[in-house]
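Here is the structure we will look at, set down as structure tokens.
Here is the structure:
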């Protein structure tokens with residue numbers, strides 16, 4: 024009542040301090056007065072598997088703490104469990120500990136009866152504590168029991184079968200985050216582990232591997248030598264993709280929950296620990312130090328991306344399977360859900376995973392990720408390093424067919440579901456090598472002098488690339504780049520349409536802050552798209568009825584507050600909440616790792632705003648943008664494609680704010696679907712609308 | 024009517040295209056039918072000096088174009104001017120050109136009569152065109168005449184004396200930007216100049232000097248060799264300050280209107296041309312190339328910071344003086360002004376300039392600028408490079424007395440006017456040398472190994488420093504730094520209060536985005552301030568009645584939209600519109616120079632948003648913040664301390680938005696005062712309030 028948090032809380036909500044807090048006074052019972060006494064804990068169903076069987080431990084002549092203190096070995100409650108435990112531990116039937124069912128059968132019967140009654144009353148699996156004082160049973164406490172994800176699923180599905188609960192209630196019973204346990208390998212809970220450092224839990228799952236410090240070694244070790252590796256980097260950049268894709272997991276010293284490493288790892292379904300500042304990485308010596316430990320290249324470590332732990336050596340992991348319970352529950356989830364769930368996918372293989380998790384489309388295809396493929400990066404670099412429009416066009420002519428085949432692959436994989444393609448977003452220097460030797464190689468390849476390349480590379484340098492020459496700003500300076508991308512998209516779409524596919528590409532223009540940017544870029548993109556359609560119709564001698572839409576990211580505060588103007592030129596909105604969070608807070612996701620812990624420790628941020636949407640700040644801008652956007656364009660389609668699309672509380676916000684869909688990493692799709700269903704059950708949109716209407720009056 | 028701009032404009036304002044545009048059909052008169060014909064232009068007062076004398080040129084037997092085409096030499100209108108011209112050009116009285124007054128005396132009399140009547144009618148100096156056809160005078164056109172700043176002042180003041188106009192009208196007659204002509208040296212308009220490049224007009228004034236490429240050479244050449252230099256840098260950083268302060272002007276290849284070079288130069292009242300991308304600077308060779316020209320160290324060039332021109336060689340400049348007209352008009356300005364005008368000043372000398380320009384306080388003292396002084400930078404670096412709080416405290420103990428004496432100087436100079444001091448804002452790596460040799464020097468000085476320094480320096484590196492570990496984030500990670508600054512401020516204030524000064528420091532916490540940041544930092548700052556006051560009272564045996572306020576910058580979108588929460592913990596707001604523009608647009612002022620020209624050329628931005636406040640985007644956030652801030656704290660004092668505080672149209676916005684003051688570079692203070700007065704005349708706050716009230720109903 025007097026601690027600073029409580030005081031602040033009262034201040035905020037104007038709760039008078041003099042009200043005080045309540046105290047319950049209760050008689051005590053004793054389980055340690057002799058051998059006719061006992062104490063124990065029980066679960067009305069198995070908290071590990073969900074099996075419908077009474078489960079728990081007890082101790083004769085003991086008090087509550089003794090059961091959990093680990094001094095004496097507790098005995099199972101049921102005879103069946105006692106026999107099973109003994110069998111597993113190789114103890115003979117005569118030596119095994121007796122069950123409560125055997126020692127005090129009448130009381131056991133009474134206890135299971137009470138447990139069943141409590142379960143029926145609370146309509147959930149109960150975790151109960153009891154004491155037997157001189158042959159009389161006292162119930163100390165009952166509460167809903169904690170359970171594994173698998174148990175949660177089974178219990179929820181079973182209880183619907185038992186008519187204890189209805190389907191929506193079953194849906195509410197699963198914590199969305201818990202599903203991660205079912206989708207990714209986890210550390211074997213029984214295995215020993217020596218944690219040497221802790222970073223941010225950037226991408227869930229667990230993996231062991233031999234440490235490597237650069238992507239080329241990673242590739243060589245995996246492809247040529249068949250090793251399992253973990254890539255350890257100070258930070259990652261798009262140039263590391265080939266190494267990341269072959270690694271079991273990624274560890275970085277810098278970067279937050281939405282750093283490059285984190286985003287890419289989540290997209291790939293790989294575990295990642297980011298922002299592990301304790302790890303002092305030395306690239307020259309091929310080693311990193313944590314406290315007294317020095318980990319050299321080739322040493323084994325294990326990462327737990329769900330906790331952020333870095334562990335010495337190899338720890339066994341458990342790979343889960345998705346059972347019938349999962350499918351049943353996700354079926355109910357999709358029945359009640361009002362928010363659509365799409366996936367962020369850049370290449371056909373991502374799209375395949377997304378479809379397997381029942382994504383309803385692609386909400387974000389980052390075209391630049393295609394640029395890094397080995398067979399095209401040189402053409403991309405040639406384009407960037409060109410001095411003039413003609414030079415860029417020559418290089419683009421090489422890139423267009425490749426991008427076209429990428430888009431074909433994506434469209435084919437998505438079988439008519441909507442696909443939103445974002446035009447080039449990152450600053451061009453991200454594609455250029457930084458080291459002189461790499462520049463020399465490139466110079467030989469593309470026949471431009473090293474000095475000229477070096478000068479051009481230097482001229483592209485930016486102090487704050489996140490706020491630099493990127494997004495639609497590229498499209499304004501170099502229209503030929505966006506035009507080439509539109510050409511590739513529309514050619515792929517026209518071909519597939521003719522082959523019988525249902526297709527309607529959504530072309531997305533990033534980093535718009537002013538309606539004039541969107542008009543300028545949108546105008547020439549439409550012109551280009553129409554040109555491709557007309558040419559295709561002419562070539563094939565058949566009029567192609569190809570629809571497409573051009574929309575924009577809303578990822579800058581200025582775009583949000585002027586959304587009424589922007590909606591005049593954008594046919595859909597997609598909130599890029601990573602960037603919107605960065606600019607609303609003035610906080611770089613790549614650098615915030617350095618001091619975010621100070622914020623969390625001092626209670627200044629309750630959660631990392633890059634992991635969970637800041638509803639009171641960024642959320643206000645989203646609400647304003649939707650309201651103003653739909654004022655101009657009623658029924659405007661609005662989605663979100665930032666990393667928040669896979670965070671349950673952010674998904675709930677998106678539901679309530681009236682978005683049409685969220686889009687997230689393929690591996691987060693089931694989590695987002697569940698979170699969306701829960702939001703729809705808790706806050707049906709019909710009720711939200713009525714409330715909004717009432718507020719306006 | 025059909026050009027794209029007109030079409031877009033009509034679209035925006037729903038003006039039907041079929042309305043068409045008007046055409047005037049007029050009879051023609053001829054001044055070239057013989058020697059009884061003539062044509063000419065005249066000014067009802069001298070447009071160069073403002074003197075009340077009819078002034079102009081004519082040609083006998085000519086049409087309008089002939090006067091301006093320069094083929095024939097036009098003749099003066101008045102006899103007095105004709106005599107004076109001949110005298111100046113050394114032409115004898117008999118050889119000189121005759122005046123209209125002499126050739127056609129009756130028509131001249133008629134013309135002056137008409138000019139006087141037109142001036143009286145339009146109540147402003149008239150620029151007229153006339154033609155005489157066969158002895159008959161026709162007036163072709165009259166309009167308000169363009170004039171120099173000096174003439175504008177004189178005419179406005181004279182016309183009040185002549186009761187032609189009233190004081191407020193006189194105030195409206197001067198374009199605020201024109202005042203720059205009176206406050207800074209300008210190029211002699213008669214001198215020849217060879218412009219070799221053009222950058223951004225980042226800080227007004229003109230100067231010639233010998234080119235140097237690094238601040239140390241600048242200092243040596245000026246201090247030891249008595250030369251005049253111009254500092255040429257790819258970009259400047261706080262480490263260049265000593266070189267900038269001795270240079271006549273600064274030229275940078277990168278950076279926009281609010282880049283470091285631009286801001287510092289304006290603060291120093293020096294000319295600066297920034298973002299001159301055509302200049303290819305080569306530090307190694309000590310030269311820069313522009314087109315075919317190569318300028319070496321020591322070569323003379325001239326900069327015009329009002330136009331952005333870079334000129335070969337030396338061009339003479341003219342230094343203006345502020346005359347009685349200026350003082351008279353600025354007196355009227357201050358009578359009607361409702362917005363206060365403060366100056367941004369970091370050191371006592373800046374404060375002195377600010378006072379000379381009648382600033383009403385200091386709106387922003389950037390304490391970090393004191394950190395770069397030669398006698399303290401090493402202690403600052405020691406503080407930054409310390410591994411722990413104790414190390415930082417030891418170094419801070421050396422810094423506190425120096426900061427205290429800085430603050431004393433400022434307070435003394437401002438003689439009781441309010442002074443707002445911002446606690447440390449930039450990321451710490453700005454204070455650390457980047458080159459290995461400098462790090463080695465530092466290592467020897469402060470006795471910390473080079474390797475450790477290098478490691479620490481690297482660990483401070485940020486990808487996007489503008490969005491990094493800076494502002495109040497430093498105060499959250501390292502409370503001891505802000506506490507030391509508060510101690511220095513309050514000790515200085517207590518001493519001066521006791522010496523009889525009126526003093527009430529305003530302590531400003533930068534980069535707040537969340538109310539919890541402000542509460543956390545504000546709480547310990549108040550504690551520290553109260554501790555100093557209590558100790559001072561105890562030491563002097565006299566209770567010190569020292570008032571102070573703690574407020575915050577509003578420079579992040581999140582701060583603006585949650586201003587109702589932030590106002591609970593901040594006693595004043597100051598809009599940092601540079602940063603607010605950066606984050607609202609997601610646009611780095613240091614990098615935008617690279618592509619801003621594409622935006623301006625394509626009409627996407629009408630003005631550089633760092634030079635003139637973006638009223639429809641950033642302005643909305645300012646209005647929201649004021650409204651919400653004052654909901655929580657009625658009468659909340661609100662100012663602006665970004666570079667926009669000196670931009671006339673931004674000042675008008677600040678007046679209308681209900682700010683209490685603007686704060687700008689000392690040299691912009693007269694401009695801001697004039698702009699504020701004009702805003703008050705055009706939109707009196709009483710009228711604005713009535714309108715707002717009517718809107719609410």
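Protein chains in written order, with my numbering: chain A, 24 to 720; chain B, 24 to 720. Idealized CB from N, CA, C, for every residue including glycine. Please read all numbers here as calculations on a predicted model, not as lab measurements.
Integer-rounded CB distance, given that residue j should sit under 8 Å from residue i
i, j, result
"residue 585/B", "residue 640/A", "6 Å"
"residue 160/B", "residue 133/B", "5 Å"
"residue 589/B", "residue 535/B", "6 Å"
"residue 529/A", "residue 441/A", "6 Å"
Counted within 10 angstroms of its Cβ, other Cβ atoms place residue i as buried (16 or more) or exposed
i, result
"residue 570/B", "exposed"
"residue 27/A", "exposed"
"residue 346/A", "exposed"
"residue 701/A", "buried"
"residue 405/B", "buried"
"residue 151/A", "buried"
"residue 476/A", "buried"
"residue 38/A", "exposed"
Reference residue i; option with closest CA among the options
i, options, result
"residue 336/B", "616/B, 258/B, 233/B and 142/B", "233/B"
"residue 307/B", "532/B, 671/B, 236/B and 440/B", "236/B"
"residue 272/A", "354/A, 377/A, 238/A and 553/A", "238/A"
"residue 552/B", "506/B, 169/B, 581/B and 83/B", "506/B"
"residue 312/A", "400/A, 257/A and 280/A", "257/A"
"residue 543/B", "531/A, 621/A and 563/A", "621/A"
"residue 265/A", "244/A, 42/A, 278/A and 277/A", "244/A"
"residue 546/A", "560/A, 580/A, 525/A and 502/A", "502/A"
"residue 715/B", "650/B, 704/B and 662/B", "650/B"
"residue 459/B", "449/B, 472/B and 447/B", "472/B"
"residue 316/A", "470/A, 516/A, 302/A and 252/A", "302/A"
"residue 418/B", "497/B, 401/B and 241/B", "401/B"
"residue 124/B", "80/B, 87/B and 111/B", "80/B"
"residue 205/A", "510/A, 227/A, 497/A and 320/A", "227/A"
Under 7 Å by beta carbon: chain B residues contacting residue i
i, result
"residue 492/A", "614, 617 and 618"
"residue 625/A", "499 and 543"
"residue 608/A", "536, 579 and 581"
"residue 540/A", "627"
"residue 622/A", "499"
Residues that residue i contacts on chain B, provided the C-beta gap is smaller than 9 Å
i, result
"residue 488/A", "486, 487, 611 and 614"
"residue 605/A", "487, 490, 606 and 609"
9 Å Cβ cut-off: residues of chain A touching residue i
i, result
"residue 454/B", "The premise fails here: residue 454/B is roughly 16 Å from chain A at the closest Cβ pair, so nothing lies under 9 Å."
Amino acids of chain A, ordered along the chain, whose beta-carbon sits closer than 7 Å to that of residue i
i, result
"residue 731/B", "An answer regarding residue 731/B cannot be provided, because it is not within the stretch 24 to 720 covered by chain B."
"residue 389/B", "Those within 7 Å of residue 389/B in chain A number zero; the least Cβ separation is about 17 Å."
Proximal residues of chain A, C-beta to C-beta of residue i below 8 Å
i, result
"residue 644/B", "580 and 584"
"residue 602/B", "609"
_To be precise: take each residue of the segment 546-558 of chain A, compare its Cβ to all Cβ atoms of chain B, and keep it if any distance is under 8 Å. Which residues remain?_
none
_Which residues of the segment 395-426 of chain B have a Cβ closer than 8 Å to any Cβ of chain A? Give them in chain order._
none
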